[in-house]
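Protein chains in written order, with this note's numbering: chain A, 1 to 209; chain B, 1 to 271.
Structure record follows, encoded as structure tokens.
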């Protein structure tokens, strides 16, 4: 019996020691918190946000628009694509985005490219929340206007006229953007770009970065 | 209900409360040592199976997501065996609530046979199939499969989200399938006592082998046993308690310990 108890204690010490070591020497705690607990994988909960692609001036957190968005906004629209490594709906939307924007990238890399749609520049920014800076992670919350806290999330930023000022004006959509499948969601993205482009050209002249 | 069962009830309610500390803004990076969905808006931690799935999604191995839940579960189960199923798990609590209904169903011979037959031990292997094929293999090869149909995720993630944000979400294409499986899950636990734990719970499958080597287990003193079968009748996992030694199905609920007229059954530290 003593032998058995000693064996059990050794296994417990090894397991708890490994757990403690993992918590101290790796980012596993923060990774689980940031990548699994905090951000919902929308396809995993079998739900699709009721997306209303309304443009608004008010950010979800009340913070100002991030610098990396403002820098690009004077050149044209900014399209932000948020995803995580493990997200089935993100995987489903990926080919659609690549098709619409004619881009190719590794899902874990930070990627941006300016594409010309008709007479409008659109800067496509791919943000994988599992592999990005705090600044870009925070932008996810800034644009999460419906407080869904889920991915995939798409935001398009344009310029709008508000009380005598031209300011950043954005719309955010989630999942399949209210559609039944990714292909239809791709058409909604095209519409988003068209609408944002029209508003952009109406207000571009009055914009002071 | 005797003192031990009251203690167990308070324990189950306490862990249900801890699992929902997110309601008070407390979110942690720990995995639950029981089944609860991190998709729940109030969840304070991660589902251990969900974390494991993150660790091998589509063949991309992330060692820390594989090892972290295993170390947490291993540490607890090495000491307490599968007691988390009986003392912590909110789904265990739910099945405790549906147990009186399942008991009533036993008056129908079909359900009695289904729940009582000792031949059902082969059906119990279904949970190992669910764990190895639906949780591990399909996640590694094609992506989420168990997550898409998980009735526990539906109950503790999808439904609370719909209740708390009724206007924000609409069901996606997987919802009807998940709903059907959830209804079957409810039928199962209403018709067969602890049906989920006994037959299908993949987390139970992960924990069950620890009963063989855990420090604490339920021990039967055969010399004191008068074979009254009271323990067999009361066991929610339908184990033939008087013959058991470190049975992987035992959830250490202690009902057999309380009912035994000769005190032949006890919690035992190692041995």
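Ideal placement from N, C-alpha and C gives every residue a C-beta, glycine not left out.
Whether or not the region 79–95 of chain A and the region 132–152 of chain A are in contact is what I'm after, with contact meaning three or more pairs of Cβ atoms, one per stretch, closer than 8 Å; do they touch? As far as the Cβ criterion goes, the region 132–152 of chain A touches the region 79–95 of chain A, which means the pair count is three or higher.
Per the contact definition of three or more C-beta pairs closer than 8 Å, is the region 23–34 of chain B in contact with the region 74–94 of chain B? Yes, they touch.
Going along chain B, which residues have a C-beta under 7 Å from residue 29 of chain A? Those are 29, listed as they occur along chain B.
Would the beta-carbon of residue 205 of chain B fall within 8 Å of that of residue 155 of chain B? No; because the gap between Cβ atoms is not below 8 Å, this pair is not in contact.
Cβ shell of residue 181 of chain B (< 7 Å), same chain only, five flanking positions each side left out: Only 149 and 151 meet the Cβ criterion.
Just to confirm the assignment: which complete alpha helix (DSSP H) runs, minimum length 4, are found wholly within the region 106–136 of chain B? You should have 109–116 and 126–129.
Residue 129 of chain A (DSSP reduced to helix, strand or coil): Residue 129 of chain A: coil per DSSP, three-state reduction.
May I ask which residues mark the beginning and end of the beta strand (DSSP E) holding residue 167 of chain A? Per DSSP, residue 167 of chain A belongs to the beta strand (DSSP E) from 165–174.
What is the DSSP secondary structure of residue 219 of chain B, reduced to helix, strand or coil? If DSSP states are grouped into helix, strand and coil, residue 219 of chain B belongs with the strands.
CB contact below 8 Å: residue 33 of chain A versus chain B: Interface residue, yes.
Along the region 143–164 of chain B, what residues have a CB closer than 8 Å to any CB found in chain A? Per Cβ criterion, the list reads 143, 144, 147, 148, 153, 154, 157, 158, 161 and 162.
Name, going along the chain, the residues of the region 198–224 of chain B whose beta-carbon falls closer than 7 Å to a beta-carbon of chain A. With the criterion set as a beta carbon lying under 7 Å from some beta carbon of chain A, the members of the region 198–224 of chain B are 213 and 215, in sequence order.
C-beta neighbour in chain B for residue 190 of chain A, strict 8 Å: No, residue 190 of chain A lies away from the interface with chain B (no Cβ there is under 8 Å from its Cβ).
Does the separation of the CB atoms of residue 177 of chain A and residue 51 of chain A fall below 8 Å? Contact flag set, yes.
Taking only beta-carbon positions, decide if residue 67 of chain A is within less than 8 Å of chain B. Using beta-carbon distances, residue 67 of chain A does not count as an interface residue toward chain B, since no partner is under 8 Å.
Bridge-paired residues (DSSP) for residue 157 of chain A: Residue pairing for residue 157 of chain A: DSSP places it in a beta bridge opposite A:78 and A:170.
Go ahead and pull the three-state DSSP assignment for residue 186 of chain A. Correct three-state label for residue 186 of chain A: helix.
Using a beta-carbon distance below 8 Å, is residue 4 of chain A in contact with chain B? Closer than 8 Å: yes.
Closest by CA to residue 65 of chain A, which one among A:5, A:159 and A:2? Of all alpha-carbon atoms in A:5, A:159 and A:2, the one lying nearest the alpha-carbon of residue 65 of chain A is that of A:159.
On the DSSP bridge assignment, give the partners of residue 245 of chain B in chain order. Beta-bridge pairing links residue 245 of chain B to no other residue.
For the beta strand (DSSP E) containing residue 116 of chain A, name the first residue and the last one. Residue 116 of chain A -> beta strand (DSSP E) spans 111–117.
Chain B contact residues for residue 54 of chain A, given Cβ-Cβ distances below 9 Å: Within 9 Å Cβ-Cβ: nothing; residue 54 of chain A doesn't reach chain B, min ~14 Å.
Between the C-alpha atoms of residue 8 of chain B and residue 230 of chain B, what's the straight-line distance to the nearest angstrom? Approximately 20 Å, taken between the alpha carbons.
Cβ neighbours of residue 211 of chain A in the same chain (closer than 7 Å, five flanking residues each side left out): Residue 211 of chain A is absent from the structure shown; chain A starts at 1 and stops at 209.
Residues of its chain near residue 58 of chain B, where Cβ-Cβ distance is below 6 Å and the 5 sequence neighbours each way are ignored: Residues 143 of the same chain have their beta carbon placed closer than 6 Å to that of residue 58 of chain B, with the five preceding and five following residues left out of the count.
By the 10 Å Cβ neighbour count, where 16 or more other Cβ atoms means buried, how is residue 63 of chain B classified, buried or exposed? Classification of residue 63 of chain B: exposed, given that the 10 Å Cβ count is below 16.
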